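So the sequences go chain by chain: A and B.
Residue numbers for the first sequence follow numbering that gives the first Met the number 0, beginning at 0 and rising by one.
Residue numbers for the second sequence follow numbering that gives the first Met the number 0, beginning at 0 and rising by one.
Beta carbons are placed, not taken as given, at the ideal position from N, Cα and C, and that holds for glycine.
Fair warning: this is a prediction, and the values are worked out from it, not measured in the lab.
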Amino acid sequence: MRSGLLQAGRGLRWYLRQATGEAKWDEYVARCRRDGVEPMCRRDFERHRTDHKESNPQSRCC
Amino acid sequence: MTVTTEQPTPGQRRKMTPKSMVVWGAVALVGAVCWSALALSRGEDVSALWILFAALSSYAIAYRFYARFIAYRVLQVDDTRATPAERLENGIDYDVTDRRVLFGHHFAAIAGAGPLVGPVLAAQMGYLPGTIWIIVGVIFAGAVQDMVVMFFSMRRDGKSLGQMVREEIGVVGGIAALIAVFAIMIIILAVLALVVVNALAESPWGVFSIGLTIPIALFMGFYLRTLRPGRVMEVTAIGVGLLLLAIIGGGYVDQMGLAETLTLSPEKLTIALVVYGFVASILPVWMLLTPRDYLSTFMKIGVIVLLAVGLVIAAPVLQNQAVTDFAIEGTGPVFAGKLFPFVFITIACGALSGFHALISSGTTPKMVAKESQVRMIGYGGMLMESFVAISALIAASVIDQGLYFAINSPAGATGGTAGAAAEFVRSIGFTISPADLTAAAQSIEEETLISRTGGAPTLAFGISLIFSEAFGGGLAAFWYHFAIMFEALFILTAVDAGTRVGRFMLQDTIGNIWPKYAEISWKPASWSASAIVVAMWGYMLYVGVTDPLGGINQLFPLFGISNQLLAAIALTLCVTLLIKHGKLKWAWVPGIGLVWDLIVTLTASYQKVFSDDPKIGYFTQRAAYQDAIDQGELLAPATDMGQMQQIVTNSTVNGTLQALFASLVIVIVVNALIIWAKAIRAGGLPTTEVPKQPSHLVAPSDFFATKQEKEAVREWEAAERERLVGGRR
Chain A
0 MRSGLLQAGR
10 GLRWYLRQAT
20 GEAKWDEYVA
30 RCRRDGVEPM
40 CRRDFERHRT
50 DHKESNPQSR
60 CC
Chain B
0 MTVTTEQPTP
10 GQRRKMTPKS
20 MVVWGAVALV
30 GAVCWSALAL
40 SRGEDVSALW
50 ILFAALSSYA
60 IAYRFYARFI
70 AYRVLQVDDT
80 RATPAERLEN
90 GIDYDVTDRR
100 VLFGHHFAAI
110 AGAGPLVGPV
120 LAAQMGYLPG
130 TIWIIVGVIF
140 AGAVQDMVVM
150 FFSMRRDGKS
160 LGQMVREEIG
170 VVGGIAALIA
180 VFAIMIIILA
190 VLALVVVNAL
200 AESPWGVFSI
210 GLTIPIALFM
220 GFYLRTLRPG
230 RVMEVTAIGV
240 GLLLLAIIGG
250 GYVDQMGLAE
260 TLTLSPEKLT
270 IALVVYGFVA
280 SILPVWMLLT
290 PRDYLSTFMK
300 IGVIVLLAVG
310 LVIAAPVLQN
320 QAVTDFAIEG
330 TGPVFAGKLF
340 PFVFITIACG
350 ALSGFHALIS
360 SGTTPKMVAK
370 ESQVRMIGYG
380 GMLMESFVAI
390 SALIAASVID
400 QGLYFAINSP
410 AGATGGTAGA
420 AAEFVRSIGF
430 TISPADLTAA
440 AQSIEEETLI
450 SRTGGAPTLA
460 FGISLIFSEA
470 FGGGLAAFWY
480 HFAIMFEALF
490 ILTAVDAGTR
500 VGRFMLQDTI
510 GNIWPKYAEI
520 SWKPASWSAS
530 AIVVAMWGYM
540 LYVGVTDPLG
550 GINQLFPLFG
560 ISNQLLAAIA
570 LTLCVTLLIK
580 HGKLKWAWVP
590 GIGLVWDLIV
600 TLTASYQKVF
610 SDDPKIGYFT
620 QRAAYQDAID
630 QGELLAPATD
640 MGQMQQIVTN
650 STVNGTLQAL
660 FASLVIVIVV
670 NALIIWAKAI
680 RAGGLPTTEV
690 PKQPSHLVAP
700 SDFFATKQEK
710 EAVREWEAAE
720 RERLVGGRR
């Protein structure tokens with residue numbers, strides 16, 4: 000029971016991090032580490048990501 | 000690496016296990032019982048749960064059998080084929096995304112105010128027509144469209160609907176589609192904005208809460224940009240907390256002495272919205288749009304979940320009739336016209352929405368990991384949207400029907416006072432006393448509920464009834480404004496995002512002639528394009544707000560028809576592609592939806608343009624008022640010559656747009672018919688499908704991974720780790 004709840008909580012956290020894009024940063028850092036590259040700071044990384052949205056607006060439906 | 004996910008090939012079908020036969024037999028039984036209960040009960044107390052479970056069991060069966068059939072037999076999804084997300088991965092728009100996460104993204108993008116508002120208005124014809132169309136329509140048309148468009152776009156590296164129409168049907172059809180998409184977007188923005196104006200007019204509490212969302216979003220934007228970049232969950236939690244405070248705070252506008260200042264007329268709100276729309280669309284996205292999007296997505300999912308839970312706990316009894324006389328006579332005050340074709344037009348988004356084809360092509364297909372996932376994301380996402388529409392229909396049907404008509408009839412009919420409204424409601428065959436009308440408004444701390452058209456106040460009132468019943472605690476006023484906030488929030492997000500999309504389309508189109516104009520970073524271009532788009536929907540909004548005949552009953556049919564016409568374009572594309580791929584025998588799959596949609600929308604368009612009834616036909620209406628003006632007479636509900644003139648102008652504009660949309664769709668369909676004939680004669684035609692490249696990814700297809708899929712994913716992940724570690728050495 001306890002471990003089931005714990006797992007559900009972990010699953011929810013994973014889902015939210017993925018859905019909000021927070022996990023992107025972790026993935027990026029992991030990729031850099033793997034490739035032996037120095038990652039840029041989080042501020043620049045997030046800026047880069049949001050600025051991309053500027054030129055790619057996604058429509059929201061009715 | 001071979002892919003071991005289950006994939007029945009044509010001709011070799013898997014037999015169902017006895018266990019799954021029992022389970023699906025039970026689901027079918029529940030569905031049959033619920034549908035029978037709905038079909039047989041008349042005049043007695045009918046529980047809303049019959050509708051809810053009829054819907055859920057029908058969805059489950061459709062998803063399990065029909066969607067699966069479409070995926071594996073019709074489209075022949077191929078998981079050994081790499082998707083654009085895998086082949087072109089760039090971490091930005093092409094990005095392999097977990098199927099459940101993508102389902103969430105896709106649903107958040109397609110779900111908006113449409114499926115909430117449409118069913119509320121359609122409730123004027125009773126709960127049964129709406130229920131049947133929302134469920135049957137989504138299964139055979141709406142979800143099919145979303146899934147098939149997504150599949151074809153995915154096979155073409157995520158091309159947009161307009162691009163595909165141009166390349167697969169023809170240049171004429173392509174240009175018509177481009178104009179149609181742009182024009183329809185303007186109408187949609189105007190009608191959505193009109194819903195917000197009607198919900199906030201004369202409501203200081205609503206204006207206070209919604210107004211505060213702007214500073215809250217700005218704060219979140221700066222927080223993410225400078226204070227703690229990337230901490231989206233943290234800032235969304237703060238934002239939602241502030242949002243709830245803003246709703247609670249709205250209850251104290253009187254004590255704060257702001258009530259007077261914040262009681263805004265519809266005209267003032269229109270100006271405020273137009274200014275907001277322009278400013279929001281030229282600000283950087285991180286400042287307002289992105290944080291607002293987080294808030295509205297959170298609220299959207301939250302309210303939908305709460306509503307589903309609330310409905311089950313409260314198990315309300317439907318107050319609405321199964322089928323009202325308005326369905327047969329076509330004389331309803333909410334919108335004119337008979338059940339056929341207008342119930343289909345009005346419900347629109349919850350059963351079939353052309354707008355989804357814009358999301359299903361372009362954005363989502365670039366993120367799909369495996370081809371077979373289009374079933375859960377495209378078909379499944381739309382089933383979820385349909386469920387939202389069913390909930391909205393129930394919320395509108397649990398309200399006392401006298402109150403429903405007092406809220407939803409235009410001010411010209413109800414006269415705006417409790418006494419006159421009660422008299423009007425009596426004249427159309429329902430009853431409510433003036434005292435009850437006033438009491439209903441007081442229960443949610445609004446000045447009045449009379450003629451609060453647009454669907455949002457009705458829905459919010461229904462939601463507050465259900466939540467008060469389910470969760471107790473005398474919080475009706477809070478729940479009402481909570482629901483208003485939830486709708487207004489994502490309509491404003493849609494207005495901002497839609498204006499941006501419109502601006503890009505405009506810049507792109509003008510850019511064909513004057514390349515400099517297409518540069519996104521060139522301020523004069525982006526500002527002027529934004530201004531043009533805002534001016535267009537702003538004008539239509541103004542037309543709706545000031546229309547003496549009632550904006551919603553004049554504009555909503557135009558909105559519904561244009562959305563359904565866009566669906567006709569998307570379904571035409573689906574049929575065309577199946578035929579071009581040599582799958583003529585499967586063309587009926589999107590074909591059923593297409594034929595029905597064309598019958599409905601072209602009949603509705605014909606009636607709106609040519610009907611002799613001035614309540615339905617825009618041009619007959621125009622003629623009636625013009626004749627009266629020529630004779631110097633006033634026709635009700637106009638009270639002066641200015642209003643008479645306004646009605647003449649508005650009906651001309653609406654009628655012309657209506658005729659334009661229908662003609663554009665006919666152009667596209669005729670263009671497609673030529674291609675069909677050619678393709679049938681040749682047994683297929685080449686298309687722009689990207690040739691197959693083998694996939695190296697492993698991922699499950701459905702919401703829940705099977706044991707074999709989990710095993711395959713584990714093996715693959717282990718091999719990947721091995722490969723990456725080895726690669727570095």
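Close CB contacts of B:Val-599 within its chain, under the 8 Å cut and outside five residues either way in sequence, are with Phe-339, Pro-340, Phe-343, Ile-344 and Gln-563 (chain order).
As DSSP reads the structure, B:Ser-396 sits in no beta bridge.
When C-alpha distances from B:Lys-582 are compared across B:Asn-197, B:Gly-90, B:Val-73 and B:Lys-14, the shortest belongs to B:Val-73. When Cβ-Cβ separations below 8 Å define contact, A:Gln-17 makes contact with chain B.
Per DSSP, B:Ala-81 lies in no alpha helix (DSSP H) segment and is marked neither H nor E.
One thing to note: B:Gly-549 has its Cβ within 8 Å of the Cβ of B:Gly-411.
By the CB criterion at 8 Å, A:Arg-59 and B:Ala-530 fall outside the cutoff. In summary, B:His-480 is buried, with 16 or more beta-carbon neighbours lying within 10 Å of its beta-carbon over all protein chains present. From the listed residues B:Asp-253, B:Glu-719, B:Ala-38 and B:Glu-266, the smallest Cα separation to B:Glu-444 is found for B:Asp-253.
When the beta-carbon positions are compared, B:Ala-678 and B:Lys-579 come within less than 8 Å of each other.
At least one CB of chain A lies nearer than 8 Å to the CB of B:Leu-357.
Between B:Ile-389 and B:Ile-50, the C-beta gap is smaller than 8 Å, which places the two residues in contact. DSSP, read as helix, strand or coil, puts B:Val-32 in helix. Annotation for B:Ser-56: the continuous alpha helix (DSSP H) segment containing it runs 47–60.
Counting only runs of at least 3 residues, the region 692–719 of chain B fully encloses no beta strand (DSSP E) element at all. Distance from the CA atom of B:Ala-176 to the CA atom of B:Thr-508, rounded to whole angstroms, is 13 Å.
Neighbours of A:Glu-37 in chain B, taken as residues whose beta carbon is under 7 Å from its own, are absent, since the nearest beta carbon is some 16 Å off.
With three or more CB-CB distances shorter than 8 Å, the region 349–364 of chain B counts as touching the region 144–155 of chain B. Burial is judged here by how many other beta carbons sit within 10 angstroms of a residue's own beta carbon; B:Lys-369 has at least 16 and is buried. Proximity of B:Phe-503 to chain A, defined by a Cβ-Cβ separation below 8 Å, is satisfied.
A contact between stretches requires three or more CB pairs, one per stretch, nearer than 8 Å, and the region 390–403 of chain B meets this requirement with the region 107–121 of chain B.
Under the 8 Å criterion on CB atoms, A:Arg-41 is classed as interfacial with respect to chain B.
Per DSSP, the continuous alpha helix (DSSP H) segment holding B:Ile-183 begins and ends at 170–199.
Taking all protein chains shown into account, B:Pro-17 has fewer than 16 neighbouring C-beta atoms within 10 Å of its C-beta and is therefore exposed. Relative to B:Ser-604, the option among B:Phe-555, B:Ile-398 and B:Asn-197 whose CA is nearest is B:Phe-555. Relative to A:His-51, the option among B:Gly-301, B:Ile-519 and B:Pro-613 whose CA is nearest is B:Ile-519. Neighbours of A:Gly-20 in chain B, taken as residues at a C-beta separation under 7 Å, are given in chain order as Val-231. A Cβ-Cβ distance of about 6 Å is found for the pair B:Leu-570 and B:Gln-144, placing them in contact under the 8 Å criterion. Counting only the Cα atoms, B:Gln-553 lies some 36 Å from B:Ala-469. The Cβ atoms of B:Thr-452 and B:Leu-188 lie no closer than 8 Å to each other. Taking the CA atoms as reference points, B:Gly-683 sits about 9 Å from B:Leu-576.
Its chain contains Thr-212, Leu-294, Ser-295 and Met-298 as the residues whose beta carbon lies nearer than 7 Å to that of B:Leu-488, once the 5 sequence neighbours on both sides are disregarded; these appear in chain order.
Under the DSSP assignment, B:Ser-426 falls in the alpha helix (DSSP H) whose first and last residues are 417–426. With a cutoff of 8 Å on beta-carbon distance, B:Pro-690 and B:Thr-79 are scored as not near each other. The beta-carbon of A:Ser-2 is placed no less than 8 Å from the nearest beta-carbon of chain B. Against chain A, the CB of B:Thr-362 has a partner CB under 8 Å away; the residue lies at that interface.
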